[in-house]
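Visitor:
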Amino acid sequence: MSDTARLHRLYSEQGQSPWLDNLRRDLIVGGGLAAVRDSGVRGLTSNPTIFQKAIQGSADYDAQFASLRGSGHSVIESYWEMVLTDIRGALDVFAPLYVSSDGGDGFVSVEVDPNLAHDGEGTLAAARALWDRVDRPNLMVKIPGTVEGLPAIRRMIAEGRNVNVTLIFGLDRYQKVMDAYIEGLEDRVASGLDVSRVASVASFFISRVDSEVDKRLEATGTPEALAERGKAAVAQAKLAYEAFARTFSGARWEALAARGARVQRPLWASTSTKNPSYPDTLYVDELIGPFTVNTLPDATVDAFADHGTVARRIDVDVDESHRVWSALPGLGVDMDDVAARLEAEGVASFRKSFDELLDALSAKQPSL
């Protein structure tokens, strides 16, 4: 990293926590993850696609997999053992930061089986099982923010289990996610339980929004439509932050805050630019602000450390964001439809990675 001071300054000057969106075995055992943490990265996220690339992309897991299979573990049991070995290793690396930040950062996220995305009861059971199995205070269990996932999110929070709500693509769903978090805290208070150590983030996906909206604007093809390319994702994120600020204020929230409750921070995910004509730090530079997280793939971490701009932008030019938002329907872009399509594609992508990895692991059997 060219200038890790930028990563440190994101938090010290702007109140934003940069997290790493990657995990693999060699990063843990080689000490690389500790170096990443010391560079200013304050947490870590993973997902089924990340683990597919890690496990299929190296021989680092072969010995553990062979041992697990040899001792009678099924393929799916072996998968989770390998994943949770990495997760526990990462949790150990970030535990000192969790302690020094008084539970504000140092989190590591692991996702439930993506095949449960539309099975609320199955999601809740899987999330509870992951939480209990790992048994670390700086774990966050990732639950997709689908309609079916909302009750599971509320219940997990009510039980005092940290949640990273993932695959959020639209403002309406984001509001329901925040509501589920607050309702879970209120359930916990009603049961006479402490809310001061419960943590959650809401992962709002960014770059995929521009990819889909730009495609629709190009289909419309007018000069007015083409002029709005590359604007929708940042505009939506700024409106999401506006909703965050509105939701975590006022009498209802203050009653919880008085008991030590923490806000559910917006987490900007999918922040590598997909369009090479856009600046490679676009979705970092434009989304900096207090009480936020940005989870970055390795290349975006390096790009921001090298030439990112550390300045508060998340609540700047919000009027322009409203203008963009208001203009999109007249240009042939239905943002509710965009959100629904991206959610379906996101769930399908994670399912595909999960299932392909299990198939690949099953295919290893004859050689073991």
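Its first residue numbered 7, the sequence shown is counted upward by one per residue in the working numbering. No residue lacks a Cβ here, since even glycine has one placed at the ideal position from N, Cα and C. Just so we're clear, the structure is a prediction, and the values are computed from it rather than from any experiment.
#1: Going by other Cβ atoms of all chains shown within 10 Å of its Cβ, with 16 needed for buried, is Lys244 buried or exposed?
#2: Quick one: complete beta strand (DSSP E) runs, 3+ long, within the segment 262-303?
#3: DSSP three-state label for Thr306, please.
#4: For Pro372 and Arg75, I'd like the C-alpha separation in whole angstroms.
#5: Where do the ends of the beta strand (DSSP E) carrying Leu26 lie?
#6: Could you tell me the alpha carbon to alpha carbon distance between Val330 and Gly155, rounded to whole angstroms?
#7: Please specify which runs of the alpha helix (DSSP H), each continuous and at least 4 residues long, are wholly inside the segment 190-268, giving them in chain order.
#8: Identify which residue in Gly46, Ala350, Thr279, Ala333 has its Cα closest to the Cα of Glu230.
#9: Hey, out of Arg142, Val89, Val219, whose CA is closest to Leu348's CA?
#10: Roughly how many whole angstroms lie between the Cα atoms of Thr152 and Ala164?
#11: So which of Arg265, Arg43, Val35, Thr228 has the shortest CA-CA distance to Phe113?
#12: Check this for me: beta carbons of Ser115 and Val147, under 9 angstroms apart or not?
#13: Counting beta carbon pairs with one atom in the segment 71-85 and one in the segment 21-38, are three or more of them shorter than 8 angstroms?
#14: Rounded to the nearest angstrom, what separates Ala246 and Gly338 at their Cα positions?
#15: Quick one: what's Met146 bridged to in DSSP?
#16: Just to confirm my understanding: we take Leu130, look at its own chain, exclude 5 residues before and 5 after, and list those with CB closer than 8 angstroms. What are they?
#17: Based on Cα-Cα distance, which residue from Asn28, Ala208, Val81, Arg167 lies nearest to Leu199?
#18: When DSSP labels each residue in this structure, what does Ile320 get in the three-state scheme?
#19: Enumerate, from N- to C-terminal direction, the unbroken beta strand (DSSP E) stretches of 3 or more residues contained entirely within the segment 46-85.
#20: Can you tell me the Cα-Cα spacing of Met7 and Glu192, whole angstroms?
#21: I'd like to check one pair, Gln22 with Gly295: are the Cβ atoms closer than 9 angstroms?
#22: Return the CA-CA distance between Leu262 and Ile56, expressed in angstroms with no decimal places.
#23: Report the residue from Asp365, Ser368, Arg357, Trp274 whose alpha carbon sits nearest the alpha carbon of Trp383.
#24: Let me confirm a value: Asn281 is counted as buried when at least 16 other C-beta atoms fall within 10 Å, else exposed. Which label applies?
#25: Is it right to say Val105 is buried, meaning 16 or more other beta carbons lie within 10 angstroms of its own, or is it exposed?
#26: Between Glu248 and the rest of its own chain, which residues show a CB-CB distance below 7 angstroms, the 5 nearest in sequence each way excluded?
#27: For the candidate residues Ser355, Ala251, Thr91, Leu223, whose alpha-carbon lies nearest to that of Gly336?
#28: Given this structure, state the Cα-to-Cα distance separating Trp137 from Glu234, to the nearest angstrom.
#29: Roughly how many angstroms separate the alpha carbons of Asp178 and Lys370, rounded to a whole number?
#30: Which residue or residues does DSSP assign as beta-bridge partners of Ile174?
#31: Within a Cβ cutoff of 6 angstroms, which residues of the same chain sit near Glu189, ignoring the five residues on either side of it in sequence?
#32: Cβ of Phe250 within 9 angstroms of Cβ of Arg214?
#33: Who are the near neighbours of Gly128 in its chain, counting only those whose CB is closer than 6 angstroms to its CB and skipping five residues on each side?
#34: Give a yes or no on whether the C-beta atoms belonging to Val240 and Leu293 are separated by under 9 angstroms.
#35: Take Glu260 as the anchor and find which of Ala366, Val201, Ala135, Ala133 has the nearest alpha-carbon.
#36: What does the alpha-carbon distance come out to for the pair Ala96 and Thr301?
Guide: In terms of the structure at hand:
#1: Buried: at least 16 other Cβ atoms inside 10 Å.
#2: If one requires a minimum length of 3 residues, the beta strand (DSSP E) runs lying completely within the segment 262-303 are 271-275, 298-302, in chain order.
#3: It is helical.
#4: Any answer about Pro372 is weak, because its pLDDT of 48 lies below 50 and its placement is not dependable; what the coordinates show is given next. CA-to-CA, the gap between Pro372 and Arg75 works out to about 12 angstroms.
#5: Counting along the chain, the unbroken beta strand (DSSP E) around Leu26 starts and ends at 22-27.
#6: Going by C-alpha positions, Val330 is about 30 angstroms away from Gly155.
#7: Runs of the alpha helix (DSSP H) inside the segment 190-268: 213-226, 229-232, 238-253, 256-263.
#8: Glu230 has its Cα closest to that of Ala333, out of Gly46, Ala350, Thr279, Ala333.
#9: Checking every option, the nearest Cα to that of Leu348 belongs to Val219.
#10: Roughly 19 angstroms separates the two Cα atoms.
#11: The shortest Cα separation from Phe113 among Arg265, Arg43, Val35, Thr228 belongs to Arg43.
#12: Ser115 places its beta carbon less than 9 angstroms from that of Val147.
#13: Not touching, per the Cβ criterion.
#14: Their backbone Cα atoms lie some 22 angstroms apart in a straight line.
#15: Beta-bridge annotation (DSSP): Met146 is paired with Ser115.
#16: In chain order, Pro157, Ala158, Arg161, Met162 place their CB closer than 8 angstroms to the CB of Leu130, counting only its own chain and leaving out the 5 sequence neighbours on each side.
#17: Checking every option, the nearest Cα to that of Leu199 belongs to Arg167.
#18: Correct three-state label for Ile320: coil.
#19: The segment 46-85 contains these whole beta strand (DSSP E) runs: 49-51.
#20: Confidence is the limiting factor: at Met7 the pLDDT is only 37, short of 50, which leaves the residue's position unreliable, though a coordinate-based value still follows. So the two alpha carbons sit approximately 43 angstroms from each other.
#21: Between Gly295 and Gln22, the C-beta gap is smaller than 9 angstroms, which places the two residues in contact.
#22: A straight line joining the alpha-carbon of Leu262 with that of Ile56 spans about 36 angstroms.
#23: Look at the range of the chain in this structure, 7 to 374, and you will see that residue 383 is not part of it.
#24: Asn281 comes out exposed.
#25: Exposed, by the Cβ-count rule.
#26: The residues are Val324.
#27: Ranking Ser355, Ala251, Thr91, Leu223 by Cα distance to Gly336 puts Leu223 first.
#28: Rounded to whole angstroms, Trp137 to Glu234 spans 43 angstroms at the Cα level.
#29: Looking at the two C-alpha atoms, the distance is approximately 44 angstroms.
#30: Answer by DSSP bridge pairing, in chain order: Phe210.
#31: Excluding sequence neighbours, Glu189 sits near Arg160.
#32: Their beta carbons are not under 9 angstroms apart, which means Phe250 does not touch Arg214 by this criterion.
#33: These residues qualify, in order along the chain: Leu122.
#34: Here Val240 is near Leu293, since their CB atoms are less than 9 angstroms apart.
#35: Across the set Ala366, Val201, Ala135, Ala133, the C-alpha of Val201 shows the shortest separation from the C-alpha of Glu260.
#36: Between Ala96 and Thr301, the alpha-carbon positions lie close to 15 angstroms from each other.
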